[in-house]
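Peer 1: Numbering-wise (the numbering used here), the sequence shown opens with residue 17 and increments by one.
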Amino acid sequence: MPRMLDVSEDVRAEIGDEEADRLLAGDNAPGSYDCTSCRTPGDSEQERTSTVLFVGEETAVLAFAHASCIPSQVVQVAEEQLQGAVRSIAATDAIDALTAAHPEQAVLGVTSGLVLIEGELHPALVVEPTAPVARPGSDGLTDEFLPLLIEQGFAPVSDVNRKPGTLPGWSVLVAMGQLHSVLQPGTGGGGQVAWWQAHQPLQVTEGWRAAANKSHTVLVFAAPVGSIGQQPREDLLRDALEKAAANGRLVAAAMPLAGT
Numbered sequence: 017m018p019r020m021l022d023v024s025e026d027v028r029a030e031i032g033d034e035e036a037d038r039l040l041a042g043d044n045a046p047g048s049y050d051c052t053s054c055r056t057p058g059d060s061e062q063e064r065t066s067t068v069l070f071v072g073e074e075t076a077v078l079a080f081a082h083a084s085c086i087p088s089q090v091v092q093v094a095e096e097q098l099q100g101a102v103r104s105i106a107a108t109d110a111i112d113a114l115t116a117a118h119p120e121q122a123v124l125g126v127t128s129g130l131v132l133i134e135g136e137l138h139p140a141l142v143v144e145p146t147a148p149v150a151r152p153g154s155d156g157l158t159d160e161f162l163p164l165l166i167e168q169g170f171a172p173v174s175d176v177n178r179k180p181g182t183l184p185g186w187s188v189l190v191a192m193g194q195l196h197s198v199l200q201p202g203t204g205g206g207g208q209v210a211w212w213q214a215h216q217p218l219q220v221t222e223g224w225r226a227a228a229n230k231s232h233t234v235l236v237f238a239a240p241v242g243s244i245g246q247q248p249r250e251d252l253l254r255d256a257l258e259k260a261a262a263n264g265r266l267v268a269a270a271m272p273l274a275g276t
């Protein structure tokens, strides 16, 4: 029986027309599956289902999700993160493997919270390195974290009460109600790659998730090491953001939400 599958042009380009047509005909597609986004059961014979292709340097893993949770898309990830996924074609196993720790990406600390702007609560991530970030090839004596982000399109924040502009090509990946990564454009016009990847998926609050699903946008604030710190309450986090902005030590961008 034909499946109610959505196969995006990007996914089709990666897997080829023949494989895409087989999927759409129901030959290689599962009937039931666990959604890679919300982890609840899905049925490709009864409801619209998205094909999500995770691609490494040499390996690709095809997963399935409710079309209402996440659109069909290609997500570029490090090859190391796909090694465990190839052991099983089950989508849940693939997603579990994609969340494996990647020590080289452990320089950025990320905190989630809600930020009130113009009377509306917005889901936000606050990124702060655990140490100064040097520009590649430099003497390493100057913290270049903010200049590097500004070159990527982040904007300096002078007033936390103003929503930052959208940064094209970037997105925040939330799957199964947990924060997985912040994605940036790949080089040479390729697909997205992870700018920040969680060692283990970070649980977000129901309020944060509800706000993100409502706006389909996440505000990402970034500050140099020592600017924000681990704040136990959102009011204290807001105070720290405003202080960093007043000192010229805060940049931000709005990014589309990928997943739920």
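Using N, Cα and C, we set each Cβ at its ideal position, and we do this for glycine too.
1) Below 8 Å between beta carbons: does that hold for Ala270 and Thr233?
2) Buried or exposed: which applies to Gln89, given that a residue is buried once 16 or more other Cβ atoms fall within 10 Å of its Cβ?
3) Would you call the CB atoms of Gln246 and Thr146 closer than 8 Å?
4) DSSP state of Ser231, grouped into three classes?
5) Straight-line CA distance for Val190 to Leu137?
6) My output table needs one value for Ala101: the three-state DSSP class, helix, strand or coil.
7) Entirely within the segment 31-86 and at least 4 residues each: give me those alpha helix (DSSP H) ranges in chain order.
8) How is Val173 classed by DSSP in three states: helix, strand or coil?
9) Looking at C-alpha atoms only, which residue of Ile244, Val77, Val23, Cys51 is the closest neighbour of Gly42?
10) Given this structure, state the Cα-to-Cα distance separating Leu39 from Cys85, to the nearest angstrom.
11) With DSSP collapsed to three states, give me the class of Trp186.
12) Note down the Cα distance separating Gly238 from Pro217, rounded to an integer number of angstroms.
13) Among residues of its own chain, excluding the 5 on either side of Thr228, which ones have a beta-carbon nearer than 7 Å to its beta-carbon?
Peer 2: Result, derived from the coordinates:
1) yes
2) buried
3) no
4) helix
5) 18 Å
6) Here the model assigns Ala101 a pLDDT of 42, short of 50, so the residue's position is not dependable and the matter cannot be decided.
7) DSSP runs (the alpha helix (DSSP H)) wholly in the segment 31-86: 33-41.
8) In the structure shown, Val173 sits in coil (DSSP, three-state: anything other than H, G, I, E or B).
9) Distance from the Cα of Gly42 is smallest, within the candidate group Ile244, Val77, Val23, Cys51, for Val23.
10) Put simply, the backbone Cα of Leu39 is about 20 Å away from that of Cys85.
11) coil
12) A quick correction: the sequence has Ala, not Gly, at residue 238. Between the alpha carbons of Ala238 and Pro217 lies a distance of about 20 Å.
13) Before going further, note that residue 228 is Ala rather than Thr in the sequence given. Here the set comprises Pro139, Val190, Val234, Leu273.
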